[in-house]
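A short write-up of the structure that comes next.
Protein chains: 2
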Amino acid sequence: MESHLSINEVAARTGLSAHTLRYYERAGLIAPVARAPGGQRRYATSDLEWIGFLLRLRETRMSIGHMQVFARLRGEGTGSTPERRQMLESHLVEVEASIEAMQRAARALQAKIEHYRTIEASLQTATQTTGRKAPCP
Amino acid sequence: MESHLSINEVAARTGLSAHTLRYYERAGLIAPVARAPGGQRRYATSDLEWIGFLLRLRETRMSIGHMQVFARLRGEGTGSTPERRQMLESHLVEVEASIEAMQRAARALQAKIEHYRTIEASLQTATQTTGRKAPCP
DNA sequence: GCTTGACTTGGAGTGCACTCAAACTTCTAG
DNA sequence: CTAGAAGTTTGAGTGCACTCCAAGTCAAGC
Numbered sequence: 000m001e002s003h004l005s006i007n008e009v010a011a012r013t014g015l016s017a018h019t020l021r022y023y024e025r026a027g028l029i030a031p032v033a034r035a036p037g038g039q040r041r042y043a044t045s046d047l048e049w050i051g052f053l054l055r056l057r058e059t060r061m062s063i064g065h066m067q068v069f070a071r072l073r074g075e076g077t078g079s080t081p082e083r084r085q086m087l088e089s090h091l092v093e094v095e096a097s098i099e100a101m102q103r104a105a106r107a108l109q110a111k112i113e114h115y116r117t118i119e120a121s122l123q124t125a126t127q128t129t130g131r132k133a134p135c136p
Numbered sequence: 000m001e002s003h004l005s006i007n008e009v010a011a012r013t014g015l016s017a018h019t020l021r022y023y024e025r026a027g028l029i030a031p032v033a034r035a036p037g038g039q040r041r042y043a044t045s046d047l048e049w050i051g052f053l054l055r056l057r058e059t060r061m062s063i064g065h066m067q068v069f070a071r072l073r074g075e076g077t078g079s080t081p082e083r084r085q086m087l088e089s090h091l092v093e094v095e096a097s098i099e100a101m102q103r104a105a106r107a108l109q110a111k112i113e114h115y116r117t118i119e120a121s122l123q124t125a126t127q128t129t130g131r132k133a134p135c136p
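Chains as they are written, first to last, in numbering that gives the first Met the number 0: chain Y, 0 to 136; chain G, 0 to 136.
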């Protein structure tokens, strides 16, 4: 297990800030990271992979609280895979519902945009036919 | 313009709490609502429609700050449709990116779930072939 | 040795989006 | 007329997810 990346290198690679990396470790989302002799963090490749997965969870709006539970289960080893799978499955149900809600809402925004285009076109027409600026009714 | 619904009726219809409806009004997301003689709010059908649209914006994670700008533009009348359309268009770009990110992340979760299933199956097989409970390695 | 810059810690602070509290006033049913 | 439900206001409080600060440590270059 290679252990070589500094906190700022990991920040650059993951897009998380060094602040947030320390915060995640303090919160128990990341297991205590290996340290160089002087106490500085040295992240292993496996840490990077785990942080990547945490980012997938964050992208799907899993709360820190749920991630804490998930990380704790992960720390308990292979025996906790059923619980972890169930957590992901029920989270995925919510995520898919949320994606559909966003898609529906996005279509409503699209419709509103079209509506505005129509209004703008008719205002433009009014200006052209009367030869004056559109009044403010 | 019918003006008849009380705040709790609107809360029931929209899923927002009465607290939140007052907060939105104070924040300028909803224009001052008509009042009954005693000062109680009486929402018109047009208010309901607007609140519905605000909910679409909220579902797509538009911030209160942006909604305030949008609501202010709306209050300025038809002349502001180009700005409103541009706001929605650029917001929609973000929303679509966010939907795609969530979909990618959801596929990663799905893959992890499959991975867990595989692990569970092999643990189960080990238990069956050896006739004992899975040890904790 | 000294400076510079990257790192460490615990605790405090920030911004967002609500959410509630306190002290009222008003409406409705009996 | 009265009880109680429902509404009003302003300002304060909450929970989340960071984000920053102060005071200190450590390694490398001059």
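We treat Cβ as the ideally placed atom computed from N, Cα and C, and that holds for glycine.
Check: Range of the contiguous alpha helix (DSSP H) that encloses Y:R73; Outcome: 63 to 74
Check: Rounded separation between G:I50 and G:I29 - CA only; Outcome: 7 Å
Check: Residue(s) in a DSSP beta bridge with Y:Y42; Outcome: Y:L4
Check: 8 Å CB neighbourhood of G:S5 in its chain, flanking five on each side removed; Outcome: Q39, R40, R41, Y42
Check: Spatial distance of G:G111 from G:E24 (CA atoms); Outcome: Rather than Gly, the amino acid found at residue 111 of chain G in this sequence is Lys. Between G:K111 and G:E24, the C-alpha separation is close to 44 Å.
Check: Simplified DSSP state of G:R84, which is helix, strand or coil; Outcome: helix
Check: Bridge partners - G:R34, DSSP secondary structure assignment; Outcome: G:R40
Check: Chain-order list of residues whose beta-carbon lies under 7 Å from that of G:A10 (same chain, five-residue window excluded); Outcome: S16, A17, L20
Check: is_contact[Y:R84, chain G] using C-beta, thresh 7 Å; Outcome: yes
Check: Y:A26 in three-state terms, based on DSSP; Outcome: coil
Check: Below-7 Å beta-carbon distance, G:A107 vs any chain Y residue; Outcome: yes
Check: Given G:R34 as reference, the closest of G:H3, G:H90, G:F52 once Cα atoms are compared; Outcome: G:H3
Check: Among G:M61, G:H65, G:G27, G:P81, nearest to G:E95 - alpha-carbon criterion; Outcome: G:M61
Check: Any chain Y beta carbon closer than 7 Å to G:I63; Outcome: no
Check: Of the residues G:L87, G:M101, G:I98, the one placed nearest Y:H114, counting alpha carbons only; Outcome: G:L87
Check: Nonlocal neighbours in the same chain, by C-beta distance under 8 Å from G:T124, ignoring five residues either side; Outcome: none
Check: Through-space distance from G:A26 to G:T44, alpha-carbon basis; Outcome: 21 Å
Check: Any C-beta of chain Y under 7 Å from that of G:V94; Outcome: yes
Check: C-beta contact flag for G:A70 and Y:E58 at 7 Å; Outcome: no
Check: Residues that G:E119 contacts on chain Y, provided the C-beta gap is smaller than 8 Å; Outcome: T80, P81, R84
Check: Buried or exposed by the 16-neighbour rule on C-beta atoms within 10 Å, applied to G:R83; Outcome: buried
Check: Residues in the segment 10 to 43 of chain Y having any Cβ partner in chain G nearer than 7 Å; Outcome: none
Check: Beta carbon proximity, G:M66 to chain Y, threshold 7 Å; Outcome: no
Check: Own chain, CB closer than 6 Å to G:L72, minus 5 neighbours either side, in chain order; Outcome: S79, E82, R83
Check: Any chain Y beta carbon closer than 7 Å to G:T124; Outcome: no
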